[in-house]
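Presented below is the structure to which this report refers.
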Amino acid sequence: MSEVRNRTTTSTMADNGNDVMGDADGQIRDSGHLSMMRTLLFADYITLLNGFCGVMSIFNSVKYGATGDATYTVRAMWFIPFGLFFDFMDGRVARWRDKSSLMGQELDSLADLISFGVAPATIGFSLGLQTAMDSVVLIYFVLCGLTRLARFNVTVANIPKDEGGKSKYFEGTPIPTTLSIVGLMFYFHHQGWVHDSLIGGLWFADSPGLSIHPIVLVYALSGCGMISKSLKVPKP
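Count along the sequence shown starting at 1, add 4, and that's the number in the working numbering.
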């Protein structure tokens, strides 16, 4: 059982009438209206900006699919590196302020899933990876990202640490490496290799249920890398 679950709590009444929970370690838990927002750390708000970038990328991909305006898909792709920036900064800020929480860890995983899992898959779909088999591969890619993040949260305590307490390596490729796929899609879009002109063409075009764009396999390879247990990527 985790340390958090074993904590004892006491309840007091704040000046504003809200019920305030005090942990045995002295940390205050305000249970009043919108109390969750008050308990978030500064680093957590930076993490939310990562999630914001992922959602905006998805929205712009949808707009591109609805309008055909290439401006939207370019915006969708640019939001991903901005999300990576915030993903990098939230950890830096947490270490700088020496403050972190389980809430922040879960927020980080969920924001990463949106920005580096769902958003890149949506970009690929909007650019023409839309057959049934394409969709299966894109879904596999997102689920691999989801599984990789869940495994990280469960096993991070068991990974060897350096002198500073930082994990020595990633088990499987980190989900932000999917930015490389976004870069590839950006290049294809710039070259006009989208929709019917996707590089590699369409395999099994005469079989609607089996037709697939071979370029979608880069998503499958990325997914396999994320869930690999034998692949250990050293941390910089």
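C-beta: ideal position from N, C-alpha, C; glycine also.
Computed from a prediction, not measured in an experiment: that's the story for all the values here.
Out of the options, which one is the CA nearest neighbour of residue i?
{"i": "Gly229", "options": "Trp197, Pro178, Ser215", "result": "Pro178"}
{"i": "Arg155", "options": "Lys233, Ala74, Leu188", "result": "Lys233"}
{"i": "Gly227", "options": "Pro240, Ser201, Leu202, Val140", "result": "Val140"}
Quick check on residue i: does DSSP put it in helix, strand or coil?
{"i": "Gly229", "result": "helix"}
{"i": "Val198", "result": "coil"}
{"i": "Ile216", "result": "strand"}
{"i": "Pro164", "result": "coil"}
{"i": "Lys236", "result": "strand"}
{"i": "Phe211", "result": "The question names Phe, but residue 211 is Ser in the sequence shown. Three-state result, Ser211: coil."}
{"i": "Ser130", "result": "helix"}
{"i": "Phe86", "result": "helix"}
{"i": "Ser171", "result": "strand"}
{"i": "Thr159", "result": "helix"}
Given that a residue counts as buried once 16 or more other Cβ atoms are within 10 Å of its Cβ, and exposed if not, what is residue i?
{"i": "Leu225", "result": "exposed"}
{"i": "Phe208", "result": "exposed"}
{"i": "Ile219", "result": "buried"}
{"i": "Phe46", "result": "exposed"}
{"i": "Pro164", "result": "exposed"}
{"i": "Ser119", "result": "buried"}
{"i": "Ser65", "result": "buried"}
(Q) With a threshold of 8 Å, are at least 3 pairs of Cβ atoms found where one atom belongs to the segment 130-140 and the other to the segment 157-165? (A) no
(Q) I want to know whether the segment 71-88 touches the segment 52-62 - three or more CB-CB distances under 8 Å. (A) yes
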